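In terms of the UniProt record's numbering, the sequence shown opens at residue 1 and continues consecutively. We treat Cβ as the ideally placed atom computed from N, Cα and C, and that holds for glycine. Here the structure is a predicted model, which is why all the values come from computation and not from measurement.
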Amino acid sequence: MTDTTSLPRDPGTDDPLVTFRGKTPYDDYVHASVLSSLQQPLTDAPDEMAFLVTTQVMELWFTLVVHEWRTTRDALVKDDHERAMDALRRSISAHHALNDSLQPIARMTPAQFNGFREAFGEASGFQSAKYRQLEFLLGDKSRSLMNPQREDPRAYAELEELLNERSLYDEILAYLHRRGLPVPDRVLERDVTAPYEADPDVEEVWRRIYAGPQNDPLLDLGEALTDLAELVIRWRSDHVLATRRAMGSKAGSGGSSGVAWLEKRAARPVFPELWSARGHV
Ligand code: HEM
């Protein structure tokens with residue numbers, strides 16, 4: 001551990017400390033020097049730095065969102081509504097920041113993208129382990145989408161753990177059941193390694209909540225989840241648009257058909273009954 005204690009200074013000054021025995025306490029805590037050593041563009045193309053930094057920043061936001069969703073899930077298991085809502089609200093703020101962070105590369109032209117596209121070869125966001133964790137927590141499980149991590153034991157084990165655990169949505173439905181709502185056993189006991197599929201009785205549970213008193217804390221929970229679903233849908237759609245602008249109908253670096261494949265992925269449901277229930281209130 002670096003010794004970061006400050007050196008003695010003149011009494012009576014109100015300026016910040018400027019001399020330390022080792023690295024600054026700031027760097028010791030934030031690891032800013034490590035972070036700023038991680039941008040290693042492969043070309044001189046003017047747009048590559050923005051692409052690299054944006055991707056790294058998004059990875060950090062994925063990390064925070066995953067952290068907050070895990071915290072929400074753990075709080076719900078303990079029926080701690082307040083702690084769950086706090087973490088859910090923090091995750092909403094983080095997801096806003098995640099979506100906004102696409103800005104620096106949202107309008108790349110094909111020529112600008114081509115300036116560095118060949119250099120990163122087969123690298124693709126599709127291989128992001130953190131993004132896959134995020135999808136698993138939403139309930140969109142897939143063993144086959146873990147394959148890119150097969151040769152990375154730590155990343156694979158982390159995904160496998162989430163695959164076998166209840167997702168955030170599974171845990172929310174279990175919580176609603178404990179609060180007296182008729183979530184059916186087939187949903188509570190579902191195979192959690194499979195993608196979540198909409199259920200008519202869950203739709204009825206949300207309908208009941210939405211048709212009831214508007215100050216019900218469970219309605220607050222439903223609205224926070226709807227905010228999140230909207231943010232996830234917007235991230236997917238903004239990513240598709242940025243991709244379409246940068247490469248049109250070309251194939252993706254990760255081997256997919258590109259925009260056509262992404263559009264199918266973007267259409268996947270997020271907390272489906274929270275949307276369908278509204279048609280019956
Ligand atoms: C304009 C820049 C970008 C382009 C042209 C682009 C293109 C693509 C394409 C074509 C795919 C499909 C998989 C493939 O064949 O590669 C994909 C997937 C993906 N990209 Fe991007 N991407 C861009 C920026 C980003 C950034 C900054 C991130 C942040 C980490 C990101 C994250 C992802 C993720 C997570 C997937 C997988 C989506 C899924 O599994 O449904 N992309 N991207």
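| Item | Value |
| --- | --- |
| Residues near Leu181 in its chain [Cβ-Cβ closer than 6 angstroms; skip 5 each side] | Val205 |
| Alpha-carbon to alpha-carbon, Ala211 and Pro195 | 28 angstroms |
| Environment of Glu68 [buried if 16+ CB atoms lie within 10 Å] | buried |
| Pairwise C-alpha distance: Ser91 and Thr54 | 19 angstroms |
| Span separating the alpha-carbon of Ala106 from that of Asp100 | 10 angstroms |
| Gly252 and Ser124 closer than 8 angstroms at C-beta | yes |
| C-alpha gap between Lys23 and Ser33, whole angstroms | 10 angstroms |
| Length at least 4, wholly inside the stretch 110-190: the alpha helix (DSSP H) runs in chain order | 110-117, 129-138, 153-164, 168-178 and 185-188 |
| Assigned secondary structure, Ser276 (DSSP; H/G/I helix, E/B strand, else coil) | helix |
| Sufficient close CB pairs (3 or more, under 8 angstroms) joining the stretch 108-118 to the stretch 37-49 | yes |
| Opening and closing residue of the alpha helix (DSSP H) in which Gly222 lies | Pro217 to Met247 |
| Under the three-state DSSP convention, the category Phe271 falls into | coil |
| Sufficient close CB pairs (3 or more, under 8 angstroms) joining the stretch 167-176 to the stretch 145-157 | no |
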